[in-house]
Structures are given as structure tokens and as C-alpha cells.
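Since the structure comes first, as C-alpha cells, the remarks are kept for the end.
Protein chains in written order, with my numbering: chain V, 1 to 270; chain G, 1001 to 1208.
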């Protein structure tokens, strides 16, 4: 008896692409036929999961960025190569690492479309925390950093958020402690997260995020943005002391739908 | 505004935009990108998982297509050609990061994935499992199972025979089935370390 078929060989057989040797083995091996049947039975669930997979949000500045890159290309200017030296420890990864590489029209496009102006302040130099919001209730840290997080910047911000401090390197757009707090690029009067700052709105949203079977509370909240979209970060404990679940929900978060923009189980940098 | 009478999904207009770009129209290519940016983004972010890498890949692809527009021969639809450029940009990035120390994804598999948020959690789990596949399998699955391209068109995009696309998709789905716990006796099928893709490719060798 030749060696049993491995998973790739089973998959190829199901796709009608198996080798002659593999087909012969299958025909002579009941074990492999059983595994083949099991794999075949499992595939509909896999393809269904894939078909339902949501596309992550397009960055708000992508269109402007592409326009700027093409404009620079048309003008004969080489776009500085980016992304070639971007392998850094997560904690040291610069936020929006492509921003400094774009100049002129690109930066303007970013400012207009994203409203994001990066001011790396290095360490926490009195950016002040924004504890407190109009939402009353049990006490856990709430901040309104207004920061525009990305997948890369999020883990590094967690320790400060757990302490109730705005992240050390805050963005320069308006940060505010209460219902007038604005999110990036938005006029203060049109705070898209205003509903989530009320007790009722927040409670409804948390219903969608928290485990209904438990009475857990968030570890911390931050009214901010994620990839240019207004967002509320909800930090939750996990069963591991070193990890934190971060749910990034959009302005539409309510009791029926968390409006989840992103989720990460984060090991905060120590 | 350019108006071309089309009977299909806009390919004729795409072709005229591309031709206008090659002929020197300064606005044509930007218009083409605007028409297809969302699709390009979807392919890139689903292939690379990392939004920043994906945005970089889309930009790489746009510049590459901009420069090489005159090499478009018109055999394939423009969207197919654009898909190819995007997928190539993604695979370049995926391969580069495969030989470098990689930036770990900030999340880890949830200890109990079905607790919170049910379907959404499952989606995250599927996304992570997809990310762990070898880049070639991932790209094939993104095109066929996520973007819904016919196998023949995916083969044109990936520039491999249809049989290779079928094999890559089947192997990718099988690994996902294992990863997502749909197989009862995974011990019998030891998984390849994620992302290595070193397993000998049955039925594929002569076709790539």
C-alpha cells in the first residue's frame, strides 16, 4: 500500500485534477476514500463562508492617493518607492507610513479627502485625556482621541486607552470631551458619533458587541476613527490577561447591528 | 463625458478609455481607475489582508497599468487585464513579505471564535485562515470564490492553465476546511505550515 493521500492530493482529486497514481491509490484505499468524502462534504460550508466574506472598507483617501500618484507619474516625477522598508515591529511602525512620501498635490489630496494631518509628537506630552462623556454609567475609561486608527496603529494605542489616556501621538484634528467632540474632517456640529455618546445610544450599541450571556463591561472606549470612518473603539477583556479584544464599530452601531468595521485580538506592546 | 454605446458591462468604454490614454488623453486613465478602483481594492485587500499593503498594491498596479497600457492587446477584457495587474502587484508583495520577517497580524485567533458576534467573528476567522494560505492559492480563491470570476477568466488573470486554477482553488478550500475545523480527523492530514506553499503540487507541475 502506498502512502496515504495528503490533503492537496485529495483536493486535486475532487477538482478532477488528481494524478493517475493518486486515482489508483484512491480506488484501492478505503481510508482515503472516506477522507475524500469528508472533504467533499465540508466544501460547501467553506465556499459559502468565502462568498459571504465582506470586503474591508476602502481607505477614505485611496482615490485621492491614486489620483495624486497618477498625476505625479504624468508629470514625469517618480513616485518614491514605498513599502520596501516597512517591516518594523508593530509598535514601531509609523502610522500611515506612506504619508510622508507623498508631496505637494498628494498631500493636499490627503488633507482634503481624509482630513488627516499627522503630527507625530513622539511621547505623550500633555495631549490631555478626554475622560468623560455625556454617557453616564459604570465607570471605565472613555476617551475621545479622534485619532484615525489603522490596523497597524491600533495595537500600540491600547495601553494608553486602558489607562484612560488619549494615545500619546494624537492627530491634530479637533479632540473634544463631550457631545461636541468632532471626528476627523467633520464639522463639530455634525459629530457622527453623537448618538453613541448618549447613554441610550451607547447602551444599545454595546448590546451588539458584548456577550449577552454575561454582565461584562468594556475595559475602555475611545471615540475616534478607523481608516477615515468615524468609529468607536470598544476594548474588552479576554480570558488571557495579556490580550485585549478591540471591536471597532461605526457610527451606525445599535442593538441590532454592531456596524463592525474591524476586530482584532491585540497583544498590547509592553 | 465620454459616452460609448455598449452592450456589455462597459468593456467597450474601458477600451476606448485605454486607447485614449495611449493616444495621450491626460484624463482617460484616471477615469478608468475611477471606474474600477472599488474592484481593484477588493481584490487587493482580500488577497493581502493588510489594508495598508493592499492600498500600496493598488497604487503599484495603477502605475504599472498606466505605464504598460500600450501592451494591452485587446484579447482579454480590460477588467481582466486590470485584475491581472492587481494580482501581480499583490503576489509581488506577498512573496516579498514571505521571505522577510513578516509583520505579524495584530490579532490572534480567538480562543473561542463562536462566542461574540457569531457571523462577524466567523468572517474574521475565515479571513485569517485565507490569509494563511500560500499566496497563489489565495489569489485563485479571491478571484473565483470571492469575486465570482469564471475559472477561465481567473486563468487568464493568473496566466496559468484552467486546471491549475482548479487545483489551487481546491487545495485552498481544503486547507480552509481543515483550518476552520470542518474536518473531523485533521490528524490524518498534517497541515503545511501556513504560507509556505512548499508542498509538492500534485497535478500542477507541468502546467504552471
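Positions of the beta carbon are idealized from the N, C-alpha and C atoms, including for glycine. Note that the coordinates shown come from a computational prediction; the quantities given were computed from them, not determined experimentally.
- At a cut-off of 8 angstroms, the C-beta of residue 16 of chain V has a neighbouring C-beta in chain G.
- CA-to-CA, the gap between residue 1018 of chain G and residue 1025 of chain G works out to about 9 angstroms.
- The DSSP-derived three-state label of residue 1030 of chain G is helix.
- Shown here, residue 61 of chain V sits in coil according to DSSP, grouped into three states, outside any helix or strand.
- Scanning its chain for C-beta atoms nearer than 7 angstroms, with the 5 sequence neighbours on each side dropped, one finds around residue 265 of chain V the residues 238, 243 and 245, in chain order.
- A residue is called buried when at least 16 other Cβ atoms come within 10 angstroms of its Cβ; residue 64 of chain V meets this threshold and is buried.
- Its Cα nearest to that of residue 269 of chain V, the residue V/161 stands out among V/71, V/161 and V/205.
- Interface with chain V (8 angstroms Cβ-Cβ cutoff): residue 1052 of chain G is included.
- Taking CB atoms only, residue 1036 of chain G has no neighbour in chain V less than 8 angstroms away.
- Annotation: residue 1036 of chain G to residue 52 of chain V spans about 21 angstroms, alpha carbon to alpha carbon.
- Among the CB atoms of chain V, one or more fall inside 8 angstroms of the CB of residue 1173 of chain G.
- Rounded to the nearest angstrom, the gap between the Cα atoms of residue 1168 of chain G and residue 1137 of chain G is 5 angstroms.
- As DSSP reads the structure, residue 230 of chain V sits in a beta bridge with V/225.
- For residue 5 of chain V, the secondary structure class from DSSP, reduced to helix, strand or coil, is coil.
- Annotation for residue 10 of chain V: 32, 35, 36 and 39 place their beta carbon closer than 8 angstroms to its own, counting only its chain and skipping 5 residues before and after.
- Neighbours of residue 69 of chain V in chain G, taken as residues whose beta carbon is under 8 angstroms from its own, are 1059, 1062 and 1063 in chain order.
- Interface criterion not met: the Cβ of residue 140 of chain V is under 8 angstroms from no Cβ in chain G.
- For residue 1123 of chain G, at least one C-beta of chain V is nearer than 8 angstroms to its own C-beta.
- Neighbours of residue 251 of chain V in chain G, taken as residues whose beta carbon is under 8 angstroms from its own, are absent, since the nearest beta carbon is some 17 angstroms off.
- Distance from the CA of residue 148 of chain V to the CA of residue 141 of chain V, rounded to the nearest whole angstrom, comes to 19 angstroms.
- Under the three-state reduction of DSSP output, residue 1074 of chain G falls in the coil class, being neither helix nor strand.
- Taking a cut-off of 8 angstroms on C-beta distances, the stretch 44–59 of chain V touches the stretch 226–234 of chain V, as three or more cross pairs fall below it.
- The continuous stretches of beta strand (DSSP E) do not include residue 164 of chain V, and DSSP gives it neither H nor E.
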